[in-house]
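Input: a single structure, listed below in structure tokens.
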Amino acid sequence: MIAAVAENNALGKNNELVWHLPNDFKRFKTLTSGHHIIMGRKTFESFPKPLPNRTHIVISRQEDYQPEGCFVVDSMEKAIEICPKNETTYIIGGGEIYYLGLPFTDKIEITRVHESFDADAFFPEINLEEWDKTTSEFNKKDEKHLFDYSYDTYLRK
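Taking full-length UniProt numbering, I'd label the letters of the sequence shown as residues 1 to 157.
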């Protein structure tokens with residue numbers, strides 16, 4: 001999994017991020033490029049176009065939903081079946097998809113935005129009895145980043 005998450009586990013509101021962190025976008029691109037990415041329909045539709053150099057798998061309950069260049073399935077299990085077994089696959093959201101994907105996840109890449117936000121989509125709580133934080137890199141706010149943030153990596157115990 002990969003996500004940008006506020007202190008109150010907020011992901012976004014009205015199908016949009018509620019912060020702008022250019023370095024996080026660069027990190028997301030670097031980590032996910034060349035990989036399969038699993039997302040919900042609303043997350044996919046929040047992009048202006050499919051993300052380059054990635055295989056898109058969209059989970060949707062809409063039977064006739066078929067955006068060009070994407071695999072569309074109706075469950076997390078089917079999404080995972082499509083992905084190569086010995087390669088990294090990223091679950092990229094939104095909120096419901098993160099909840100569905102958590103049992104299948106062995107690594108979580110979180111950009112923790114050190115602020116709380118009003119939101120309508122949230123990341124699941126990380127149970128520290130099940131996960132170890134293996135790395136954390138703090139970044140101070142600056143002229144391009146309005147909030148302090150950290151890159152945190154969690155591995156399933």
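All C-beta atoms, glycine included, are put in the ideal place defined by N, C-alpha and C.
Computed from a prediction, not measured in an experiment: that's the story for all the values here.
Check                                                                                                              : Outcome
Proximity to residue 10 [Cα-Cα], best of 78, 95, 154 and 63                                                        : 95
Cβ-based burial, residue 32 [other Cβ within 10 Å; buried from 16]                                                 : buried
Whole-angstrom C-beta distance between residue 37 and residue 54, which should lie under 8 angstroms               : 5 angstroms
Cβ neighbours of residue 28 in the same chain (closer than 7 angstroms, five flanking residues each side left out) : 2
Residue from 61, 52 and 102 whose Cα sits closest to the Cα of residue 69                                          : 52
CB contact below 7 angstroms: residue 38 versus chain E                                                            : Absence of chain E from the displayed structure is noted, only one protein chain being present.
Beta-carbon proximity list for residue 62, same chain, < 8 angstroms, skipping 5 on both sides                     : 41
Segments assigned beta strand (DSSP E), at least 3 residues, entirely inside the stretch 26-93                     : 36-40, 55-59, 70-73 and 89-93
Through-space distance from residue 49 to residue 5, alpha-carbon basis                                            : 23 angstroms
Pair within 7 angstroms by beta-carbon distance, residue 136 and residue 8                                         : no
Buried versus exposed, by CB contacts within 10 Å (16 or more), residue 12                                         : buried
Beta-carbon proximity check, residue 111 vs residue 151, cutoff 7 angstroms                                        : yes
Residue 128 burial status per 10 Å Cβ neighbour count (16 or more: buried)                                         : exposed
Cβ-heavy atom distance, residue 68 to the ligand PLP, below 6 angstroms                                            : Among the components of this structure there are no ligands whatsoever, and the ligand PLP is therefore not found.
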